[in-house]
Amino acid sequence: MTGADRLPVSPRAVTFEPMTAEAAQSLGEALAQIDPWARYDYTGKTLAAFLAGEEPGAQRFQIIVDRVLAGAIVIRSNWLRGPYLQFLGILPAFHRQGVGRSALLWFERGSEAGGARNLWVVASDFNGGAQAFYERHGFARVGIIDGLVTEGAAEILFRKRLRIG
Ligand SMILES: CC(C)(COP(=O)(O)OP(=O)(O)OC[C@H]1O[C@@H](n2cnc3c(N)ncnc32)[C@H](O)[C@@H]1OP(=O)(O)O)[C@@H](O)C(=O)NCCC(=O)NCCS
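Take the sequence shown: its position 21, counted from the start at 1, is 76 in this note's numbering, and no numbers get skipped.
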């Protein structure tokens, strides 16, 4: 997967570019204000540090819509016969405009090109919107992981089987 692939989303264009320190700072501050991160008490500083991190096998990208910063996606490659979508956050001003959908398509196409058999992601049990979003795009629930992030909450593990392989 390359950092500057383009996916046309009529009438807008969505691009995925390597994260910069400035984008990580801005995204971290904004996304810490919304669930699931607000519910888990992530601070803007913690999220910004995560998004700015450099880690082999876990690429961080900023999502750009018509040249405007719109979100972040982090992909952990080679998880279970396919990559794990570790982080997807779209800024509220861009919700329900197809940006998340573009990000999933880009993730799926890049993973297929790399020979993956599966896509993986988790969503918190209280995050009904994200669960609906992943199910809408072909992910199926395969398990519940209690207390993964904190006691009293669970993460739902979703899998999408790819046709190749
Ligand atoms: C979940 C999220 C990534 C979806 O991104 P988005 O750009 O708003 O979603 P899209 O516009 O591409 O939605 C595509 C379809 O998914 C479904 N969907 C998306 N958000 C939904 C929601 N909150 N509730 C129900 N269905 C939803 C709908 O079917 C939607 O199509 P429609 O708008 O024509 O009805 C985004 O809302 C987000 O970043 N939320 C906060 C962080 C988060 O929950 N991240 C994911 C888990 S870590």
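Even for Gly, the Cβ is constructed at its ideal location relative to N, Cα and C.
Residue i Cβ short of 7 angstroms to ligand 1 heavy atom set
{"i": "residue 204", "result": "no"}
{"i": "residue 178", "result": "yes"}
{"i": "residue 191", "result": "yes"}
{"i": "residue 187", "result": "yes"}
{"i": "residue 91", "result": "yes"}
{"i": "residue 214", "result": "no"}
Contacting residues, own chain, Cβ-Cβ under 6 angstroms from residue i (five flanking each side not counted)
{"i": "residue 197", "result": "212, 214"}
Contact set for residue i: own chain, Cβ-Cβ below 8 angstroms, skip 5 residues either direction
{"i": "residue 180", "result": "199, 208, 209, 210, 211"}
{"i": "residue 76", "result": "107"}
Candidates the options, of which the one nearest residue i by Cα
{"i": "residue 148", "options": "217, 82, 218", "result": "82"}
{"i": "residue 142", "options": "150, 135, 131, 85", "result": "131"}
{"i": "residue 174", "options": "96, 120, 163", "result": "163"}
{"i": "residue 194", "options": "170, 217, 72", "result": "217"}
{"i": "residue 103", "options": "145, 80, 191", "result": "80"}
{"i": "residue 139", "options": "159, 93, 187, 150", "result": "159"}
{"i": "residue 188", "options": "150, 100, 170", "result": "150"}
{"i": "residue 134", "options": "111, 74, 182", "result": "111"}
{"i": "residue 166", "options": "177, 137, 183", "result": "137"}
{"i": "residue 68", "options": "201, 105, 144, 121", "result": "121"}
Cβ neighbours of residue i in the same chain (closer than 7 angstroms, five flanking residues each side left out)
{"i": "residue 205", "result": "95"}
{"i": "residue 84", "result": "99, 103"}
{"i": "residue 201", "result": "209"}
(request) Quick one: which unbroken beta strand (DSSP E) runs of 3-plus residues sit fully inside the region 57 to 125? Chain order, please. (result) Correct list: 61 to 64, 67 to 73, 113 to 120.
(request) Could you pull out every unbroken beta strand (DSSP E) segment of at least 3 residues lying fully inside the region 114 to 193, listed in chain order? (result) List check, beta strand (DSSP E) in window: 123 to 131, 139 to 145, 173 to 179.
(message) Closer than 8 angstroms is the cut-off here; do at least three beta carbon pairs connect the region 119 to 139 with the region 153 to 173?
(response) Contact holds between the region 119 to 139 and the region 153 to 173, because three or more Cβ pairs, one in each stretch, are under 8 angstroms apart.
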